[in-house]
Amino acid sequence: MGGREHRPHPAPSGLPSDSDLVRAARGLPVSRTPVWFMRQAGRSLPEYRALRAGTAMLAACQDPDLVTEITLQPVRRHQVDAAILFSDIVLPLLVAGVDLDIKPGIGPVIASPIRSPADVDALPPLEPERLAFLDTAVRRLVAELGPTPLIGFAGAPFTLATYLIEGGPSKEHARTKAFMYAEPEAWGRLLDRLAVSAATFLRAQVDAGASAVQLFDSWAGVLSAADYAERVLPHSRAVFDGLGERDVPRIHFGVGTGELLPLIGDAGADVVGVDWRIPLDEAARRVGPRRSLQGNLDPAVLLSDRATVDREVRRVVEQGRAARGHVFNLGHGVLPDTDPGVLTHVVELVHELSTR
Ligand code: CP3
């Protein structure tokens, strides 16, 4: 194990459901602004690279010992206010039986991409019984984390559809959009199925003790607001609806979603994640007073000098005060070259600037 001792900032009740993260997500008063980082578990940490050596990404995601340890690493090191489960958005597809891999430095690659309505109908469903490893990992994590909340997550239907249709990462997502326009019925069936499996994946995590969930619609920003509203949002809403009465805050995030921010909230989020392109005070105007915000330091700022980092962190904390509640985060994931010491410093600075 090694590293610093894990010293969480305890909620008055000592329960993760009463932590600053959950409270900020609900728009309740906090002792200080909670902070965590998308991709906090990963290649910026030498202890992660050491532990992952010799194990493929998707194998690591199904090993409860590795999942537990990798998820805890950034919590111990940076004293962040939340853990996020070490997993991947494509894992439910793999577990369901889709032939795919995560290639280092590239991302998810699908062996037989979806190119026709028949391919959509051949997509295997995710059987909840196949998620026993996840139940084990989450229960172990929740026991280890004590008062620190665990965030469970899933990929939103649109973003998963981009990987399935493109066959791998892509910039324009042109094949995805072409399929959406040319095959509207098959498109609807595909996103329906992906919503069902995302909801199954989230329910497994919440039922094992996760205190909040984040739905990643990373690439939704490539769509117009009209297309998003009509052809995507109802399926994202179905994922959140699939949580039923489970009383955990729901975070919804995408990149480049400035024009979609009001709609993203409407999909059923308590917290809207914002990238660095829009200041949080403007994002608060677009999202409205009934939702909290998460974000939005540009991850590239962490590669610059300390004075710039400090200035930008102050700006984000300041602009975040316009929101109903603010969860400090980056505008997208930690870049692999980030000095982990800078991440620890950001956590300390956000806490210092926001202590009530
Ligand atoms: O945030 C965390 O620390 C929790 C773990 C997590 C991972 N992926 C681990 C991972 C989370 C929340 C994700 C979500 C994810 N995966 C998203 C949505 C978030 C986002 O970044 O927009 C997406 C689009 C994916 C698909 C994916 N998986 C990509 C694009 C990549 C990166 C490819 C690369 O190597 O640059 C992956 C691989 C991946 N997922 C890694 C990690 C730690 C790197 C794999 C490795 O360490 O070998």
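The sequence shown begins at 1 in the UniProt record's numbering and counts up one residue at a time. Note that beta-carbon positions come from the ideal geometry of N, C-alpha and C, so glycine has one too.
Could you pull out every residue in the same chain whose Cβ sits closer than 8 Å to the Cβ of residue i, ignoring the five residues on either side in sequence?
i	result
P125	A96, R193, V196 and S197
G288	P262 and G265
T355	S31 and R32
T68	A137, R140, L141 and E144
I106	G168 and P169
Quick check on residue i: does DSSP put it in helix, strand or coil?
i	result
L243	coil
L28	coil
A118	helix
G2	Only weak support exists for where G2 lies, its pLDDT of 36 falling under 50; the coordinates are left without a value.
L126	coil
A154	strand
G331	coil
L45	coil
P113	coil
P108	strand
Among the options, whose alpha-carbon lies nearest the alpha-carbon of residue i?
i	options	result
I251	F240, G244, L260 and V67	F240
D18	G105, R115 and P149	P149
L85	G167, V255, H173 and A208	A208
L72	V98, V142, P108 and I102	V142
L343	R77, V30 and G54	R77
residue 365	L66, W36 and G320	No answer is possible for residue 365: the residues shown for the chain start at 1 and end at 356.
W187	V222, D121 and F216	D121
G268	T200, G221, F253 and G152	F253
D20	F328, L233 and L164	F328
L349	Q79, A53, A204 and S211	Q79
P336	N296, A238, L302 and V309	L302
P104	A210, A182 and P169	P169
R231	A111, A161 and L131	A161
G258	V274, L243 and R246	V274
L28	V316, L293, L297 and G54	L293
Can you name, in chain order, every residue of its own chain whose Cβ lies under 7 Å from the Cβ of residue i, other than the five neighbours on each side?
i	result
G333	M38, R39 and P299
E5	At E5, the pLDDT of 49 sits below 50, so the modelled position is not reliable; the number obtained from the coordinates is stated separately. So no residue of the chain qualifies.
A322	L280, D281 and A284
E352	none
P249	V22, A25, R26, A212, D270 and V271
Comparing the C-beta of residue i with each C-beta of chain D, is any distance below 8 Å?
i	result
H351	Among the protein chains of the structure shown there is no chain D, as only one such chain exists.
Quick one: residues in its chain with C-beta nearer than 6 Å to the C-beta of residue i, no 5 flanking neighbours on either side, listed in chain order?
i	result
M57	I102
I151	A82, I84, A212 and Q214
For this session: Scan the stretch 156 to 231 and note each continuous alpha helix (DSSP H) run of 4 residues or more that stays entirely inside, going in chain order.
Result: 157 to 166, 174 to 182 and 184 to 207
Exercise. Of all the beta strand (DSSP E) runs that stay within the bounds of the stretch 243 to 329, which reach a length of 3 or more residues?
Worked result: When DSSP assignments are scanned along the stretch 243 to 329, the uninterrupted stretches of beta strand (DSSP E) that are 3 or more residues long and fall wholly within it turn out to be 250 to 253, 271 to 273 and 292 to 297.
For this session: Could I get the ranges of all uninterrupted alpha helix (DSSP H) runs contained in the stretch 48 to 100, with 4 residues as the minimum, in chain order?
Result: Fully enclosed alpha helix (DSSP H) runs of 4 or longer: 57 to 60, 64 to 78 and 91 to 96.
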